[in-house]
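Undergrad: Our numbering runs 11 ahead of the 1-based position in the sequence shown.
Positions of the beta carbon are idealized from the N, C-alpha and C atoms, including for glycine.
Predicted model, so just to flag it, every value in this text is computed and none were measured.
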Amino acid sequence: MWEQVFTSLSPGLTADDAALNHAAEELGFALPASYRAFCRACGIGLAGGQFRIAVPAPFEASDLVTQAGIIAHSVGAAVTMLETGGEPHRFDVEGGDASIIERACFFGVAEDGGFLFWDVSGTGEEYDIWLLGPDLEAIRFGGESLTDFFGRVTGPSAALVLGPGTEPLPARFEGFSEATLARGTQAES
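1. My understanding is that residue 58 touches residue 187, with C-beta atoms under 8 Å, so please give their C-beta distance in whole angstroms.
2. Please report the residue range of the beta strand (DSSP E) in which residue 150 lies.
3. Identify every run of the beta strand (DSSP E) within the region 21-89, keeping only runs that are complete inside it and at least 3 residues long; order them along the chain.
4. Roughly how many whole angstroms lie between the Cα atoms of residue 83 and residue 181?
5. Classify residue 15: buried if its beta carbon has 16 or more other beta carbons within 10 angstroms, exposed otherwise.
6. Is it a yes or a no for the region 126-145 touching the region 35-45, going by three-plus beta-carbon pairs under 8 Å?
7. Could you give the C-beta distance for residue 153 and residue 163, rounded to a whole number, given that I count them as a contact under 8 Å?
8. What's the gap between the Cα of residue 178 and the Cα of residue 31?
9. Under 8 Å, Cβ to Cβ, is there at least one residue of chain C near residue 114?
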């Protein structure tokens, strides 16, 4: 499946079913089928030259459960700082439902400072994917699954997700090996 999404696919450290099931248990909801397939086929790396998808892994900087918590806390703290004069921060949500941010589980980071999240209110095999822009205001619909999201951002509809004037991203995935991730962890120590 992912070989059809990414014309150039070099897998990184992947996650197995046990790690995916453990992450789902920790988060308290089933992980989407397309995300599970991504974690098994692609793993940790850079997608489209722009997005780092968190994957259940023994490296905090890439781990889904760790990153979901860190990003949620960071976004919450930044939004609190943006609130001025008692006025609540307002999100500019495509479709107008600002409550989606309350149901967000963050799972990806964009190189430009944006964040990917699922609206975990769904009951099917997938959750809608949304992109919170680096301004922490604009929230755009990304897709109905991870395959749909990457199909959109690497195709003619990229500007609908990434913003006006944005060119489609390259259809490639560059994985990070376990050795590379371990070196990154050692450098942080």
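TA: By the coordinates alone:
1. The Cβ separation is near 11 Å, so there is no contact.
2. Looking at the DSSP string, the run of the beta strand (DSSP E) that includes residue 150 is 149-154.
3. 56-58, 62-64
4. 28 Å
5. exposed
6. Between the region 126-145 and the region 35-45 there are three or more inter-stretch CB-CB distances shorter than 8 Å, so the stretches are counted as touching.
7. 7 Å
8. 33 Å
9. Absent from the structure: chain C. Only one protein chain is present.
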